[in-house]
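The block underneath contains the structure these notes are about, expressed in structure tokens.
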Amino acid sequence: MDRLRVAIRTDDDPITMHGVTACLRGHSQIQLVPADQLAPSDVLIVAVDRVGRDTMTYLRAMEKSKSVRVLLLTDGFDAQSVLAAVEYGVVGVLPRTGTTPAQLINAITAANADQAILSTALQGELLRQVKRLQRKTLQPLGLGITGLDDRELEILRLLADGLLTKAIATKLNYSDRTVKNVVQRLIDKVDASNRTHAVAIALRAGVI
447 MDRLRVAIRT
457 DDDPITMHGV
467 TACLRGHSQI
477 QLVPADQLAP
487 SDVLIVAVDR
497 VGRDTMTYLR
507 AMEKSKSVRV
517 LLLTDGFDAQ
527 SVLAAVEYGV
537 VGVLPRTGTT
547 PAQLINAITA
557 ANADQAILST
567 ALQGELLRQV
577 KRLQRKTLQP
587 LGLGITGLDD
597 RELEILRLLA
607 DGLLTKAIAT
617 KLNYSDRTVK
627 NVVQRLIDKV
637 DASNRTHAVA
647 IALRAGVI
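Written out as structure tokens, the structure reads:
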């Protein structure tokens, strides 16, 4: 099995850079590379205190130039920033503090497979903030996502809960291929770039 190529970027914080590098260096599945040598199939870890303007500018530039899969490690976020970050290649968000090396490796593996990874705390916070946004802003305007059938919505909710394809297939008694086909169909319906983006769109619109 080929090793997963991973680059790390921090917000000029040598302690964070050292900590993340130490978690990954020497791992049999990981090959650390400079960010400027990343290819579209690689994973970029962006570890920042807060998701601010500089982070968004960097993510936008990376998405345009390399289309890599981005794993965001941050302790400071707001729903709009995280959801917007998904549009620039972010496929997973985990807390910068408290994430174990094993969790980080699992998140990298999932990101490489274009699977959505959101911490439980972040899921809850995003849901609260997005529901508030839906109630105060979107509902009065009559905005929302339409055209998804019950099966698509059910799978979309499980994706939002962090379940991967095989777990969804087992839970719903579907084949892996059926789940993948439904996920691709709903991605196309909501005009998303990947499954994480589809979840973000649905959360933003209050559909799930």
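Just add 446 to wherever you are in the sequence shown, counting from 1, and you've got my numbering.
Backbone N, C-alpha and C define an ideal beta-carbon position, used for all residues, glycine too.
Checking 8 angstroms against the spacing of the C-beta atoms, do residue i and residue j come in under that value?
i	j	result
residue 610	residue 644	no
residue 608	residue 563	yes
residue 603	residue 654	yes
residue 478	residue 467	yes
residue 519	residue 508	no
Helix, strand or coil, according to DSSP, for residue i in the structure here?
i	result
residue 476	strand
residue 594	coil
residue 636	coil
residue 650	helix
residue 562	coil
residue 611	helix
residue 451	strand
Alpha carbon to alpha carbon, how far is residue j from residue i? Give it in angstroms, no decimals.
i	j	result
residue 635	residue 594	8 angstroms
residue 517	residue 596	30 angstroms
residue 620	residue 641	18 angstroms
residue 649	residue 448	35 angstroms
residue 628	residue 601	8 angstroms
residue 473	residue 647	35 angstroms
residue 506	residue 499	10 angstroms
residue 546	residue 637	34 angstroms
residue 548	residue 612	20 angstroms
In or out: residue i buried (at least 16 other Cβ within 10 Å) or exposed?
i	result
residue 622	exposed
residue 561	buried
residue 655	Any question about residue 655 goes unanswered here, given that the chain covers just 447 to 654.
residue 590	Model confidence at residue 590 stands at a pLDDT of 46, short of 50, so the residue's coordinates are unreliable; what they give is reported in the following sentence. The residue is exposed, with fewer than 16 neighbouring Cβ atoms inside 10 Å.
residue 538	buried
residue 488	buried
residue 531	buried
Return no unless some Cβ of chain B is closer than 8 angstroms to the Cβ of residue i.
i	result
residue 557	The structure shown has no chain B; it contains just one protein chain.
### Message
Just to confirm the assignment: which complete alpha helix (DSSP H) runs, minimum length 4, are found wholly within the stretch 486 to 546?
### Response
499 to 511 and 525 to 532
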